[in-house]
Amino acid sequence: MAAGRSFRAPKGTRDLLVPESTRARRLVEVFADLAERSGFGLVVTPMFEELDVFLRLGEATDVVTKEMYTFETKGGDRLALRPELTASLVRAFVQHNPPTPWKAWCAGFNFRYERPQKGRYRQFEQVDVELIGTADPQADVEVVALGWRFYEALGLRRVALKLNDLGDRADRPRYLDALRAHFAGNLDALSEQSRLTLEKNPLRVLDSKRPEDADLVAAAPVIGDYVSDESAAAFVEVQVGLRALDVPFTVTPRLVRGLDYYTRTTFEFAGVGLGASQDAVGGGGRYDGLVEDLGGPATPGIGFGLGVDRTLLACDEEGVFPAPAPAVDVFVVDVVDGSHATVLCDELRRSGLGADRAYEGRSMKAQMKKAGASGAPLAVIVGPDEDADGTVAVRDLRTAEQSTVARGDVVESIRKLLS
RNA sequence: GUGGCUGUAGCUCAGUUGGUUAGAGCGCCAGGUUGUGAUCCUGGAAGUCGGGGGUUCGAAUCCCCUCAGUCACCCCA
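Residues in the first sequence are numbered consecutively from 50, following this note's numbering.
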């Protein structure tokens, strides 16, 4: 709606107002708590990086080649808004060379220039965890389980964990050859889109949702048959580990993810109620080799990113993690001149309580209405009588019980009523 | 980037085969005999009917363009 001249949030972005904004923040807090209790430390990186940082992620990655916000500074530097968090964190790892294993978590906005949709925005928030410096499969278990426990903590039940083993980089060419051979023999049965994809990145063809490709994809060779013995053994250990934690999963041989740096353990969390298309609420995997790509020493690593917006949508689907109803403890009604409300609010706030008030000397009825709408359980009322007596009326808005207390006893009596 | 659908007050929506001053509910504001809220009653403010152009005596209602939203593809969180 809205008229021609009015401004609005740019395409694909939106404003979050209360209570949705608060809800998103609380979701991040739940994650932060879990991550920090798991030994991950908060790392904050810039929202933009040298363009090359992301270009290293791979030429076959759409996120990098066609969806990035790139720009040039006045000084001539080529920069890009981050399309994902892992690259930035790995870059930070390389730059600071911290002791390993390095356990980092972060939350922040990413930017991708693509057609918006429900659950898909040009600016979207993710929470993220990276564990860099160990190839121990137990680390894989810990990371995957952390994601699972997070969804559990929110109350989500209909999340499906898909797991796959993409093998080592050295295994990849043999599998790709096999894939090409498989599809090349049936080219005309393949959709036009998929034929193009086949040239750029054969793996991605496995991800096609076009019905005409279904049969061919189903018959395609499975990557598990092409991975090294070490990778296969590690994958078994990961599965055993997850079972020991009662984290349910489904091995999905055709799980291919959009970032090309993934190796070995790769996974995705799908919101079952979200419909077929934007159902990925989170995903990640191992990226042995990425640290090297970004100029560091050969170092293994694993991590994931979980979408805040989509996770919240999944919560809506299941009716869990409801939006909070933020409310102050006390609403101060002042029908004298408004200055009593200012003083009382200050006093209440300094004592640690939450207090709000009305403005512009509105009628008592109007102020009481505000008090009710504020959600505050209590109201403090100051009128001419109280002003003259040095008292205030304290009203319990839940029970409509009201009493008069000395001006100096306000905080104490409020405390009593709240407990 | 490609295709389908949608676009009326802050929100959710009505608006007959185009015809006088565009409606409802919720929300908001003000009252209901001078101090008290979530109920009830009354009244009020608020819409260039997404924007632009066209057809017509006349369009929110028909046509074109455009913008935005939405769904699917692509891809992903």
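Using N, Cα and C, we set each Cβ at its ideal position, and we do this for glycine too. Please read all numbers here as calculations on a predicted model, not as lab measurements.
- Query: Are the stretch 87-95 and the stretch 206-218 touching by the rule of at least three beta carbon pairs closer than 8 Å?
  - Reply: With fewer than three CB-CB distances shorter than 8 Å, the stretch 87-95 does not count as touching the stretch 206-218.
- Message: Which same chain residues end up closer than 6 Å to Asp-342 when comparing Cβ atoms and leaving out the 5 residues on each side of it in sequence?
- Response: Along the first sequence, one-based indexing puts residue 342 at 293. Counting only Cβ-Cβ distances below 6 Å, and skipping sequence neighbours, we find Arg-105.
- Query: Any idea what DSSP makes of Phe-370, helix, strand or coil?
  - Reply: Looking up residue 370 in the first sequence gives position 321. Residue state, collapsed to three classes: coil.
- Task: Under 8 Å Cβ to Cβ from Arg-229, same chain only, skipping five residues before and after it: list those, please.
- Result: To locate residue 229, count along the first sequence from 1; it is residue 180. Contacts found: Leu-247 and Pro-251.
- Message: Within 10 Å of its beta-carbon, does Pro-371 have 16 or more other beta-carbons around it, so buried, or fewer, so exposed?
- Response: The residue you call residue 371 lines up with position 322 of the first sequence. Classification of Pro-371: exposed, given that the 10 Å Cβ count is below 16.
- Query: Which value, in whole angstroms, describes the spacing of the CA atoms of Ala-202 and Arg-75?
  - Reply: Locating residue 202 in the first sequence gives position 153, where the first residue counts as 1. Locating residue 75 in the first sequence gives position 26, where the first residue counts as 1. For Ala-202 and Arg-75, the distance between alpha carbons rounds to 12 Å.
- Assigned exposure category for Arg-131 - 16 Cβ within 10 Å defines buried: On the first sequence, position 82 is the one that residue 131 refers to. Buried: at least 16 other Cβ atoms inside 10 Å.
- Query: Among Val-369, Ala-188 and Arg-411, which one has its Cα closest to the Cα of Asp-337?
  - Reply: Counting from one through the first sequence, the residue named residue 337 turns up at place 288. Per the Cα distances, Ala-188.
- Message: For the structure I just gave you, are there three or more beta carbon pairs, one from the stretch 440-447 and one from the stretch 395-402, closer than 8 Å?
- Response: Judged by Cβ distances under 8 Å, the stretch 440-447 makes no contact with the stretch 395-402, as fewer than three pairs qualify.
- Item | Separation of Ala-428 from Glu-121, as counted between CA atoms | For the purposes of this step, residue 121 is identified with residue 72 of the first sequence, where counting begins at 1. For the purposes of this step, residue 428 is identified with residue 379 of the first sequence, where counting begins at 1. Taking the straight line from one Cα to the other gives about 55 Å.
- Query: Expressed to the nearest angstrom, what Euclidean distance is found between the alpha-carbon atoms of Glu-98 and Ala-129?
  - Reply: Residue mapping note: residue 98 aligns to position 49 of the first sequence, counting from 1. Residue mapping note: residue 129 aligns to position 80 of the first sequence, counting from 1. The C-alpha of Ala-129 is placed about 6 Å away from the C-alpha of Glu-98.
- Task: Specify, as a first and last residue, the run of the beta strand (DSSP E) that Glu-317 falls within.
- Result: The count along the first sequence starts at 1 and reaches residue 317 at position 268. Element bounds for Glu-317: 312-320.
- Item | Cβ shell of Glu-85 (< 8 Å), same chain only, five flanking positions each side left out | Locating residue 85 in the first sequence gives position 36, where the first residue counts as 1. For Glu-85, where only same-chain residues beyond five positions count, the Cβ hits under 8 Å are Leu-91 and Trp-154.
- Met-50 (DSSP reduced to helix, strand or coil): Within the first sequence, numbered from 1, the residue matching residue 50 stands at position 1. Note that Met-50 scores a pLDDT of 33, beneath 50, so its modelled location is shaky; the value from the coordinates is reported in the next line. Three-state result, Met-50: coil.
- When burial is assigned at 16 or more other CB atoms within 10 Å of the CB, is Phe-316 buried or exposed? Taking the first residue of the first sequence as position 1, residue 316 is located at position 267. Result: buried.
- Pull up the distance between the alpha-carbon of Asn-159 and that of Glu-133, whole angstroms please. Position 110 of the first sequence, counted from the first residue, corresponds to residue 159. Position 84 of the first sequence, counted from the first residue, corresponds to residue 133. Approximately 6 Å, taken between the alpha carbons.
- Can you name the start and end residues of the beta strand (DSSP E) that Leu-379 belongs to? The sequence position of residue 379 within the first sequence is 330, counting from 1. A quick correction: the sequence has Val, not Leu, at residue 379. From DSSP, the beta strand (DSSP E) with Val-379 extends over 379-383.
- Task: Quick one: residues in its chain with C-beta nearer than 8 Å to the C-beta of Met-50, no 5 flanking neighbours on either side, listed in chain order?
- Result: Here residue 50 refers to the residue found at position 1 of the first sequence. Because Met-50 carries a pLDDT of 33, less than 50, the predicted location of this residue cannot be relied on, and the following value inherits that uncertainty. Closer than 8 Å at the Cβ level, and outside the excluded window around Met-50, lies no residue.
- Reduced DSSP secondary structure (H/G/I, E/B, other) of Thr-246: Numbered from 1 along the first sequence, position 197 holds the residue referred to as residue 246. Three-state result, Thr-246: helix.
- Query: Do you know how far the Cα of Ala-437 is from the Cα of Val-459?
  - Reply: If you number the first sequence from 1, residue 459 lands on position 410. If you number the first sequence from 1, residue 437 lands on position 388. One C-alpha to the other measures close to 16 Å.
- Query: For Leu-83, does the three-state DSSP call read helix, strand or coil?
  - Reply: Position 34 of the first sequence, counted from the start, is the residue given in the question as residue 83. DSSP places Leu-83 in helix when its eight states are reduced to three.
- Message: Can you give me the C-alpha to C-alpha distance between Arg-303 and Val-254, rounded to a whole angstrom?
- Response: Residue numbering aside, residue 303 sits at position 254 when the first sequence is read from its first letter. Residue numbering aside, residue 254 sits at position 205 when the first sequence is read from its first letter. Rounded to whole angstroms, Arg-303 to Val-254 spans 10 Å at the Cα level.
- Query: Between the stretch 108-119 and the stretch 222-240, do at least 3 Cβ pairs fall closer than 8 Å?
  - Reply: They do not touch, by the three-pair rule.
- Task: Go through its chain and collect everything with a Cβ distance to Gln-166's Cβ below 7 Å, but skip five positions before and after it.
- Result: Residue 166 sits at position 117 when you count from the first residue of the first sequence. These residues qualify, in order along the chain: Gln-327.
- Determine the direct distance from the alpha carbon of Leu-467 to that of Val-340, and round the result to whole angstroms. Working through the first sequence from its first residue, we reach residue 340 at position 291. Working through the first sequence from its first residue, we reach residue 467 at position 418. C-alpha separation (whole angstroms): 54 Å.
- Task: Using alpha carbons as the reference points, say which of Gly-182, Val-178 and Arg-161 lies closest to Gln-172.
- Result: Residue numbering aside, residue 172 sits at position 123 when the first sequence is read from its first letter. Nearest of Gly-182, Val-178 and Arg-161 to Gln-172, Cα basis: Arg-161.
- What is the residue span of the beta strand (DSSP E) that Leu-128 lies within? One-based indexing of the first sequence puts residue 128 at position 79. 127-130 is the extent of the beta strand (DSSP E) around Leu-128.
- Query: Where do the ends of the alpha helix (DSSP H) carrying Gly-234 lie?
  - Reply: Taking the first sequence and counting its residues from 1, the one referred to as residue 234 is at position 185. Going by DSSP, Gly-234 is part of no alpha helix (DSSP H) at all; its letter is neither H nor E.
- Message: At the level of alpha carbons, what is the spacing between Leu-65 and Ala-422?
- Response: Position 16 of the first sequence, counted from the first residue, corresponds to residue 65. Position 373 of the first sequence, counted from the first residue, corresponds to residue 422. Distance from the CA of Leu-65 to the CA of Ala-422, rounded to the nearest whole angstrom, comes to 21 Å.
- Query: Are the stretch 344-359 and the stretch 376-389 in contact at 8 Å, needing three or more beta carbon pairs?
  - Reply: Not touching, per the Cβ criterion.
- Note down the Cα distance separating Asn-235 from Asp-264, rounded to an integer number of angstroms. By 1-based counting over the first sequence, the position of residue 235 is 186. By 1-based counting over the first sequence, the position of residue 264 is 215. So the two alpha carbons sit approximately 11 Å from each other.
- Task: Measure from the alpha carbon of Ala-376 to the alpha carbon of each residue in Ala-58, Pro-68, Pro-59 and Ser-280, then state which is nearest.
- Result: Your numbering for residue 376 matches position 327 in the first sequence. Nearest of Ala-58, Pro-68, Pro-59 and Ser-280 to Ala-376, Cα basis: Pro-68.
- Quick one: what's got a C-beta closer than 8 Å to Ala-52's C-beta in the same chain, skipping five residues either side? If you number the first sequence from 1, residue 52 lands on position 3. Below a pLDDT of 50, predicted positions are generally treated as unreliable, and Ala-52, at 34, falls in that range; no measurement from the model is reported.
- Query: Who are the near neighbours of Ile-430 in its chain, counting only those whose CB is closer than 7 Å to its CB and skipping five residues on each side?
  - Reply: Here residue 430 is taken as the residue at index 381 of the first sequence, counted from 1. Excluding residues within five positions, the ones whose Cβ falls inside 7 Å are Val-382, Val-441, Ala-442 and Arg-444.
- CA-CA distance, Val-178 and Val-192? In the first sequence, residue 178 corresponds to position 129, counting from 1. In the first sequence, residue 192 corresponds to position 143, counting from 1. A straight line joining the alpha-carbon of Val-178 with that of Val-192 spans about 8 Å.
- Rounded distance between the beta-carbons of Arg-207 and Val-79, thought under 8 Å: Counting from one through the first sequence, the residue named residue 79 turns up at place 30. Counting from one through the first sequence, the residue named residue 207 turns up at place 158. Between Val-79 and Arg-207 a beta carbon distance of about 18 Å is seen, past the 8 Å cut, so the two are scored as non-contacting.
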